[in-house]
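Novice: Could you have a look at this structure, given as structure tokens, before my questions?
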Amino acid sequence: MFTYEWSPTMVNSNYYGMDFLYVTPTTKQAARAGNTITALLLYRRKVNREELEPRLAEALLRFVRTRLQPGVLSVCLRTLRILSRDRQALAPFITDTAILTLACLGGIKALPLCHHDDEEEDKEMAEKKVDNANSNPGSSMDFHYSDVNSAAPNVSSAPSHTLRCVSEDITEMERSDGICRMLTRGKRDAREEEEEEEEEQRREWCDDGEVWRKEAMKTLCNVIYNSQRAQERASVLRLLPGLSEKLKNGIRSVSPPSGQFYELRLLFLLTALRPELRSQLQQERGVSMLTAALEQCLDVQWADVYEVVAWDMECPPVCKEVSQRAIEILKVLFNITYSSHSQQPDEEDAALYRRLAAVLRHCLLLTCQGEELTEELQRQTVNVLSALPLQCLDVLLSARLSEGSRESGGVNMDCVHSLLLFMERRLNRSHKLKERLTPVLNLLTESCRAHRETRHYLRQQILPPLRDVALRPEQGDTIRNKLVRLMTHVDTELKHCAAELLFVLCKENVGRFVKYTGYGNAAGLLAARGLLSGHSSAPQCQYSSDSDSDTEEYRQARDRINLVTGRVEEPQPDPMEGMSEEEKEAEAVRLVAMFNRLSRDRIIQPMSVMLDGQLAPLCDHMRNSTLEEEEEEEADFEAEVD
Numbered sequence: 035m036f037t038y039e040w041s042p043t044m045v046n047s048n049y050y051g052m053d054f055l056y057v058t059p060t061t062k063q064a065a066r067a068g069n070t071i072t073a074l075l076l077y078r079r080k081v082n083r084e085e086l087e088p089r090l091a092e093a094l095l096r097f098v099r100t101r102l103q104p105g106v107l108s109v110c111l112r113t114l115r116i117l118s119r120d121r122q123a124l125a126p127f128i129t130d131t132a133i134l135t136l137a138c139l140g141g142i143k144a145l146p147l148c149h150h151d152d153e154e155e156d157k158e159m160a161e162k163k164v165d166n167a168n169s170n171p172g173s174s175m176d177f178h179y180s181d182v183n184s185a186a187p188n189v190s191s192a193p194s195h196t197l198r199c200v201s202e203d204i205t206e207m208e209r210s211d212g213i214c215r216m217l218t219r220g221k222r223d224a225r226e227e228e229e230e231e232e233e234e235q236r237r238e239w240c241d242d243g244e245v246w247r248k249e250a251m252k253t254l255c256n257v258i259y260n261s262q263r264a265q266e267r268a269s270v271l272r273l274l275p276g277l278s279e280k281l282k283n284g285i286r287s288v289s290p291p292s293g294q295f296y297e298l299r300l301l302f303l304l305t306a307l308r309p310e311l312r313s314q315l316q317q318e319r320g321v322s323m324l325t326a327a328l329e330q331c332l333d334v335q336w337a338d339v340y341e342v343v344a345w346d347m348e349c350p351p352v353c354k355e356v357s358q359r360a361i362e363i364l365k366v367l368f369n370i371t372y373s374s375h376s377q378q379p380d381e382e383d384a385a386l387y388r389r390l391a392a393v394l395r396h397c398l399l400l401t402c403q404g405e406e407l408t409e410e411l412q413r414q415t416v417n418v419l420s421a422l423p424l425q426c427l428d429v430l431l432s433a434r435l436s437e438g439s440r441e442s443g444g445v446n447m448d449c450v451h452s453l454l455l456f457m458e459r460r461l462n463r464s465h466k467l468k469e470r471l472t473p474v475l476n477l478l479t480e481s482c483r484a485h486r487e488t489r490h491y492l493r494q495q496i497l498p499p500l501r502d503v504a505l506r507p508e509q510g511d512t513i514r515n516k517l518v519r520l521m522t523h524v525d526t527e528l529k530h531c532a533a534e535l536l537f538v539l540c541k542e543n544v545g546r547f548v549k550y551t552g553y554g555n556a557a558g559l560l561a562a563r564g565l566l567s568g569h570s571s572a573p574q575c576q577y578s579s580d581s582d583s584d585t586e587e588y589r590q591a592r593d594r595i596n597l598v599t600g601r602v603e604e605p606q607p608d609p610m611e612g613m614s615e616e617e618k619e620a621e622a623v624r625l626v627a628m629f630n631r632l633s634r635d636r637i638i639q640p641m642s643v644m645l646d647g648q649l650a651p652l653c654d655h656m657r658n659s660t661l662e663e664e665e666e667e668e669a670d671f672e673a674e675v676d
């Protein structure tokens, strides 16, 4: 196979000022460049990294803006990706030129290079090029500096262009002596081998094109993630519209491009780190675009307007690549919809959110390759569901019943059951409980308030009729036991979410809530709601009037249940048994003195329940009572005088 021979002046020591960088690759053996750069990465361990890495990154960023073979370009971009992980070496990456170069190499259309800094950089490059040519007069390699928009060759046309140039070189060599040479007989095998090599090069070129596009996107993701300056410049340079357009083109294609994952990852970073880009993407119908991308990714088929064809359990699980792409889409969707929960959508937005909710219901019922991927897909799905307006979640229950479906009141509960299982798995883990449990707890609580069937089904699963009252409510392995344990968690938000779900399942009835949780565990929520007096306030929604069903075991033990602990306590001996009245009085005085000392030292603060169910300091209550008594006595005295 005939190839170009590259001159060492392409990346020599004089040009970049590094006496250890000397690369002489050929097209056929582009791996030599990889070996050289690998040696550089090993060499950097022996020198000052703070000095070497920025210089190497700057050199490579200039290098990739020239016309390179895909194999060499892939190696250079892979090296840049490794360098971009180091936050101390990001200076060359955060210029407008570098960001736009990486964006264009990744296939993102952005603003042209028109900054003063870039003109100075081009001028400096030209001067160094002249010096290089003067110092190497025998070199035949023309060092092309192209615009960033032409830095990324068209993969589909590049192989034919290269082969055409190679063919012209062959012709020139054959005609160098003025004679047009003809192939002699017996050379058919050699010609077929050349054709096979050309075809192989064409395939490798296309494959390498996907590789260096992915490497460019990975590098850009690293830079955006690690540098606030890069985030600001990405917003100014309007990378978002170009990225959105690239995603739309992928959606319009038959199947999503192989590099779409990194485009979605970059979109996630931009919307997560720049608030103005979140708003911009939402205003530019980003929810509709990402919903379409999710439908394409999961190959969604529609049975009705807001009903996806049920996933067949006999089908193979969703592959890893598709699962990861769907997860990235869901993360971006959450970024641009998290503020929609409290808003009242118009008719168009409501239809869009309902369509998205139907796709999300499908996501909850999918099985991926590996338990971790399945759970992560469900986690991101729950996050998006918790961000959508509540009135648009009715489609979660609108699916038709089928064989094997779970139901409550004639309504399909498969989605609710999937959420319940997801919550139970989260309850079994102690790591990052707040961020893992809060979204699903809030989602189930709001769903129970809005839909009677959901509340009835979850109450059957979480709060079945009490039978065993020998154990405390927080003891055991049932979902109720685990939720009650969370009610005394150190994290205020988490314990409030757990208590709120149980309270709604009890129809916001104080007596029933204390029955299932114990007064000690319920005190936090009751105090926050002003319900310590035992009187239920007006519920936030209308509940049905069905009565609470008590089992025979509970009725027999009800009078012996300690309301504070929520269980039947064993008979305890009287601690004052055998004490005289004087000893009892002395013990009471000593106990009061201990409370007074704890109160004076502000270790405890005695509280009293007011008539409205709110807590108030006991001293204030006693002071107010004393003042009222004094006023009454004065009034009585004046009445007697009169």
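All residue numbers for the sequence shown refer to the working numbering, where the first residue is 35 and numbers rise by one. Note that beta-carbon positions come from the ideal geometry of N, C-alpha and C, so glycine has one too.
(1) How big is the Cα-Cα spacing for Cys-482 and Val-538?
(2) Determine whether the beta carbon atoms of Ala-306 and Asn-369 lie at a separation below 8 Å.
(3) Would you kindly work out how many angstroms separate the C-alpha atoms of Glu-603 and Arg-624, rounded to a whole number?
(4) Please determine, among Leu-430, Lys-466, Val-270 and Val-257, the residue with the shortest C-alpha to C-alpha distance to His-451.
(5) Taking only the alpha-carbon atoms, compute the straight-line gap between Trp-246 and Tyr-296 and give it to the nearest angstrom.
(6) Buried or exposed, going by whether 16 or more other CB atoms sit within 10 Å of the CB of Ile-638?
(7) May I ask you to verify whether the stretch 493-508 touches the stretch 585-600, counting CB pairs closer than 8 Å and requiring at least 3?
(8) Pick out whichever of Ala-337, Asn-417 and Arg-413 has its Cα sitting closest to the Cα of Phe-456.
(9) Near Lys-282, which residues of its chain fall below 8 Å by C-beta distance, leaving aside the five closest residues on each side in sequence?
(10) Does the count of Cβ pairs from the stretch 339-352 and the stretch 376-383 closer than 8 Å reach three?
(11) Only counting the same chain, and skipping five residues up and downstream in sequence, which positions put a Cβ closer than 6 Å to that of Tyr-550?
(12) Would a C-beta distance cut-off of 8 Å place Gly-564 and Asp-646 closer than the cut-off?
(13) Go to Asp-338, then tell me how far its beta strand (DSSP E) extends in each direction, as first and last residue.
(14) Using CA atoms only, rank isn't needed, just tell me which of Ala-484, Ser-292, Val-544 and Glu-542 is closest to Lys-248.
(15) Between which two residues does the beta strand (DSSP E) harbouring Ala-650 extend?
(16) Using a Cβ-Cβ cut-off of 7 Å (strictly less than) and excluding sequence neighbours within five positions of Ser-374, which residues of its own chain qualify?
(17) DSSP three-state call for Cys-402: helix, strand or coil?
(18) Since Ser-322 is in the alpha helix (DSSP H), which residue starts that stretch and which ends it?
(19) Based on DSSP bridge pairs, tell me the residues matched to Val-445.
(20) Could you give the distance in angstroms between the alpha-carbon of Ala-591 and the alpha-carbon of Leu-536?
(21) Tell me the rounded alpha-carbon separation between Met-447 and Leu-399.
(22) Would you decide whether Cys-349 is buried or exposed? Buried here means 16 or more other CB atoms lie within 10 Å of its CB.
(23) Could you tell me the distance, in whole angstroms, from the CA atom of Leu-517 to the CA atom of Arg-89?
(24) Please state whether DSSP places Ile-20 in a helix, a strand or coil.
(25) List the whole-angstrom C-beta distance separating Ala-268 from Ile-133, where the pair is believed to meet the contact cut-off of C-beta under 8 Å.
(26) DSSP three-state label for Arg-6, please.
(27) One question on the structure: do Thr-472 and Cys-531 come within less than 8 Å of each other, judged by their Cβ atoms?
(28) Closer than 6 Å by C-beta to Thr-479: which residues in its own chain qualify, once you throw out the five before and the five after it? Chain order, please.
(29) Around the C-beta of Leu-435, are 16 or more other C-beta atoms found within 10 angstroms, so that it is buried, or is it exposed?
(30) Compare the C-alpha of Leu-367 against each of Gln-330, Thr-401, Ser-376 and Gly-320 and name the closest.
(31) Go to Val-643, then tell me how far its beta strand (DSSP E) extends in each direction, as first and last residue.
(32) Would Ser-583 be called buried (16 or more neighbouring beta carbons within 10 Å of its own) or exposed?
(33) By Cβ distance below 6 Å, which residues in the same chain neighbour Thr-488 in space, the five residues on each side in sequence not counted?
(34) With distance defined between alpha-carbon atoms, name the residue in Leu-411, Glu-279, Leu-86 and Glu-405 nearest to Arg-395.
(35) Can you list, in chain order, the residues of its chain with a C-beta nearer than 8 Å to that of Leu-492? Leave out the 5 residues immediately preceding and following it.
(36) If I measure Cβ to Cβ from Cys-255 and keep anything under 7 Å in the same chain, skipping five residues before and after, which residues do I get?
Specialist: Checking against the coordinates, here is how it stands:
(1) One Cα belongs to Cys-482, the other to Val-538, and the distance between them is close to 7 Å.
(2) Their beta carbons are under 8 Å apart, which means Ala-306 touches Asn-369 by this criterion.
(3) Glu-603 and Arg-624: Cα-Cα distance of roughly 27 Å.
(4) The residue from Leu-430, Lys-466, Val-270 and Val-257 with its alpha-carbon nearest to that of His-451 is Leu-430.
(5) Spanning the two alpha carbons is a distance of roughly 12 Å.
(6) Ile-638 is exposed by the Cβ-count criterion.
(7) Taking one beta carbon from each stretch, the stretch 493-508 and the stretch 585-600 have 3 or more pairs nearer than 8 Å; the two touch.
(8) Selected option, being the one with the closest Cα: Arg-413.
(9) Met-323.
(10) Result no; under three Cβ-Cβ pairs closer than 8 Å.
(11) So the qualifying residues of the chain are Leu-497.
(12) It is a contact, given that the beta carbons lie within the stated cut-off.
(13) From DSSP, the beta strand (DSSP E) with Asp-338 extends over 336-338.
(14) Ser-292 is the residue among Ala-484, Ser-292, Val-544 and Glu-542 whose C-alpha sits nearest the C-alpha of Lys-248.
(15) Bounds of the beta strand (DSSP E) holding Ala-650 are 649-651.
(16) Within the same chain, Cβ atoms closer than 7 Å to the Cβ of Ser-374 are found at Ala-421, Leu-422 and Pro-423, the five residues on either side in sequence being excluded.
(17) Note: Cys-402 maps to strand in three-state DSSP.
(18) That run of the alpha helix (DSSP H) goes 320-332.
(19) According to DSSP, Val-445 bridges with Ser-442.
(20) Roughly 23 Å between the two C-alpha positions.
(21) For Met-447 and Leu-399, the distance between alpha carbons rounds to 12 Å.
(22) Classification of Cys-349: exposed, given that the 10 Å Cβ count is below 16.
(23) When the Cα atoms are used, Leu-517 and Arg-89 turn out to be separated by approximately 56 Å.
(24) With the chain running from 35 to 676 in the structure shown, residue 20 is simply not present.
(25) Indeed they touch by this definition, with Cβ atoms about 6 Å apart.
(26) With the chain covering 35 to 676 only, the question about residue 6 has no answer from this structure.
(27) Cβ distance < 8 Å, so Thr-472 and Cys-531 count as in contact.
(28) Counting only Cβ-Cβ distances below 6 Å, and skipping sequence neighbours, we find Glu-534, Leu-535 and Val-538.
(29) Leu-435 should be labelled exposed.
(30) Sorting Gln-330, Thr-401, Ser-376 and Gly-320 by C-alpha distance to the C-alpha of Leu-367 places Gly-320 at the top.
(31) Per DSSP, Val-643 belongs to the beta strand (DSSP E) from 641-643.
(32) Burial state of Ser-583 is exposed, judged by a 10 Å Cβ sphere holding fewer than 16 other Cβ atoms.
(33) Result list for Thr-488: Val-450, Ser-481 and Cys-482, in chain order.
(34) For the residues Leu-411, Glu-279, Leu-86 and Glu-405, the minimum Cα distance to Arg-395 belongs to Leu-411.
(35) Cβ within range, chain order: Val-450, Leu-454, Leu-478, Cys-482 and Leu-539.
(36) Around Cys-255: Tyr-296, Arg-299, Leu-300 and Leu-303.
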